[in-house]
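Top to bottom, those sequences are chains W and U.
For the first sequence, the working numbering begins at 1096 and goes up steadily by one.
For the second sequence, the working numbering begins at 981 and goes up steadily by one.
Down below is the structure, laid out as structure tokens.
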Amino acid sequence: DTEVTQTPKHLVMGMTNKKSLKCEQHMGHRAMYWYKQKAKKPPELMFVYSYEKLSINESVPSRFSPECPNSSLLNLHLHALQPEDSALYLCASSQDRIAGNYNEQFFGPGTRLTVL
Amino acid sequence: SQQGEEDPQALSIQEGENATMNCSYKTSINNLQWYRQNSGRGLVHLILIRSNEREKHSGRLRVTLDTSKKSSSLLITASRAADTASYFCATAVAAGNKLTFGGGTRVLVKP
């Protein structure tokens, strides 16, 4: 199985709602990522988990809260979002870091989030 | 912040023609990768070139890397309508599992 799955595909939420995005992979990858992508822009890294531990947080506002329950799952909990947070949220995974070498990332199809 | 800049931002060609896009970056890298993204969907990895490599081929793709100029190019030969997509370069620096993406080139291949 070489697929990264993301649910839901689309999400509309109000600014007072709490929702979660889910990501799953069964490739045995030990690094998982959340990216945010606005229209016609490149993906921007938000968080990196390595061996289920948060290793990089790119100064993301606390209204985004990541969680890695196990090596196959990655969640992104959303609370009190703003309309400008509307974007495509992409999850990716890669093999664990081998000293000096960085492997390709496998991306999910994304969750299209709209905040009203 | 973006590590890479890509040019052109958009490219329109006829089926069968070659498409070339360039990527420039600012800091030393471990490797540079190219990804394709079809409209509003996930990214697909195309090719990875390491900092000690100068050229790499994969099917109809040819990637070059010039570390002295901090630049890379992606050539798609004999393009097809299915190659219509956005193409992003992404650099991996020495610290952590982090990719930084360039601005992307939108390629339209007309049948």
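Cβ coordinates follow ideal geometry from the N, Cα and C atoms, glycine included.
Residue i versus residue j: straight-line alpha-carbon distance, rounded
{"i": "TYR1015 of chain U", "j": "ALA1175 of chain W", "result": "33 angstroms"}
{"i": "SER1160 of chain W", "j": "GLN994 of chain U", "result": "45 angstroms"}
{"i": "GLY1109 of chain W", "j": "LEU1171 of chain W", "result": "16 angstroms"}
{"i": "GLY996 of chain U", "j": "VAL1087 of chain U", "result": "13 angstroms"}
{"i": "VAL1143 of chain W", "j": "LYS1078 of chain U", "result": "8 angstroms"}
{"i": "GLN989 of chain U", "j": "GLY1083 of chain U", "result": "8 angstroms"}
{"i": "LEU1116 of chain U", "j": "ILE1027 of chain U", "result": "Residue 1116 of chain U falls outside the range modelled here, since chain U spans only 981 to 1091, and no answer is possible."}
{"i": "GLU1179 of chain W", "j": "GLY1020 of chain U", "result": "18 angstroms"}
Three-state secondary structure assigned by DSSP to residue i
{"i": "PRO1178 of chain W", "result": "helix"}
{"i": "ALA1070 of chain U", "result": "strand"}
{"i": "ALA1134 of chain W", "result": "coil"}
{"i": "ASP1191 of chain W", "result": "coil"}
{"i": "ALA1062 of chain U", "result": "helix"}
{"i": "MET1001 of chain U", "result": "strand"}
Beta strand (DSSP E) segment containing residue i, residue limits
{"i": "GLU1139 of chain W", "result": "1139-1145"}
{"i": "HIS1025 of chain U", "result": "1023-1030"}
{"i": "LYS1078 of chain U", "result": "Neither: LYS1078 of chain U is in no beta strand (DSSP E) and is coded neither H nor E."}
Exposure of residue i, with buried meaning 16 or more beta-carbon neighbours within 10 Å
{"i": "SER1038 of chain U", "result": "exposed"}
{"i": "GLN1177 of chain W", "result": "exposed"}
{"i": "GLU1119 of chain W", "result": "buried"}
{"i": "TYR1184 of chain W", "result": "buried"}
{"i": "LYS1148 of chain W", "result": "exposed"}
{"i": "ASN1198 of chain W", "result": "buried"}
query = At which residue ranges does the stretch 1148-1173 of chain W contain complete beta strand (DSSP E) runs of 3 or more residues, listed in the order of the chain?
reply = 1148-1152 and 1159-1165
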